[in-house]
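Remarks on the structure that follows.
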């Protein structure tokens, strides 16, 4: 997710990119079932089935992120690690991707582990926040409690250094 373009094979059409995990894990029987699942995945992330014939460079950054999300969904996971999924996107596209992730979470019952430095994104996406400093967990609380009354000095510093975090409080949860 961190760099969707770098994670997508530029020589493969999107349909092949999405079909790879289906083949690798023997998740479908036959070409017709594979094509049907690829089309479902594309539509699930807001793209068209006809996009399966296109190459990654033909898509915008936000669309590439959607392709990466579709590939992650191909194996029907319960848990997805999202490593800086919106860091390379502009703010309006970030909102679209975050809304898609929330919708997929609701519809598919997914659990996400969000790795990000953007506390505004965390505020919108997380139910529970764990703050790491030098690889050590320094604080873990539900989102509202951590944002409103952090205990760790490090967490307090992070929140102070992210003025946007309080600006988005009305749009969270």
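Numbering (my numbering), first residue to last: 14 to 186.
Glycine included, every Cβ here is placed at the ideal spot set by N, Cα and C.
Continuous beta strand (DSSP E) stretch holding residue 94: start and end: Here residue 94 is taken as the residue at index 81 of the chain shown, counted from 1. Unbroken beta strand (DSSP E) run through residue 94: 92 to 96.
Under the three-state DSSP convention, the category residue 21 falls into: On the chain shown, position 8 is the one that residue 21 refers to. In the three-state scheme derived from DSSP, where H, G and I count as helix and E and B as strand, residue 21 is classed as coil.
Other residues of its chain near residue 150: CB distance less than 6 Å, five sequence neighbours each side excluded: Position 137 of the chain shown, counted from the start, is the residue given in the question as residue 150. 143, listed in sequence order.
Nearest to residue 47 (by Cα), restricted to the options 157, 173 and 28: Against the chain shown, residue 47 aligns to sequence position 34. Looking at the Cα atoms, 28 is the closest of the given residues.
Reference residue 174, options 66, 130, 93 and 49, closest by Cα: Within the chain shown, numbered from 1, the residue matching residue 174 stands at position 161. The shortest C-alpha separation from residue 174 is found at 130.
Proximity of residue 84 and residue 30 at Cβ, strictly below 8 Å: Within the chain shown, numbered from 1, the residue matching residue 84 stands at position 71. Within the chain shown, numbered from 1, the residue matching residue 30 stands at position 17. A contact, by the Cβ cut-off of 8 Å.
Cβ-Cβ separation, residue 101 to residue 16 (assumed contact under 8 Å), whole Å: Position 3 of the chain shown holds residue 16. Position 88 of the chain shown holds residue 101. With 8 Å as the limit, residue 16 and residue 101 qualify as a contact, their Cβ atoms being about 6 Å apart.
Backbone CA spacing between residue 156 and residue 123 [nearest angstrom]: Indexing the chain shown from 1 puts residue 156 at position 143. Indexing the chain shown from 1 puts residue 123 at position 110. Straight-line Cα distance between these residues: approximately 18 Å.
Collapsed DSSP secondary structure at residue 143 in the structure displayed: The count along the chain shown starts at 1 and reaches residue 143 at position 130. Residue state, collapsed to three classes: strand.
Entirely enclosed alpha helix (DSSP H) segments - the region 21 to 60, minimum 4 residues: Complete alpha helix (DSSP H) runs here, min 4: 27 to 37 and 44 to 57.
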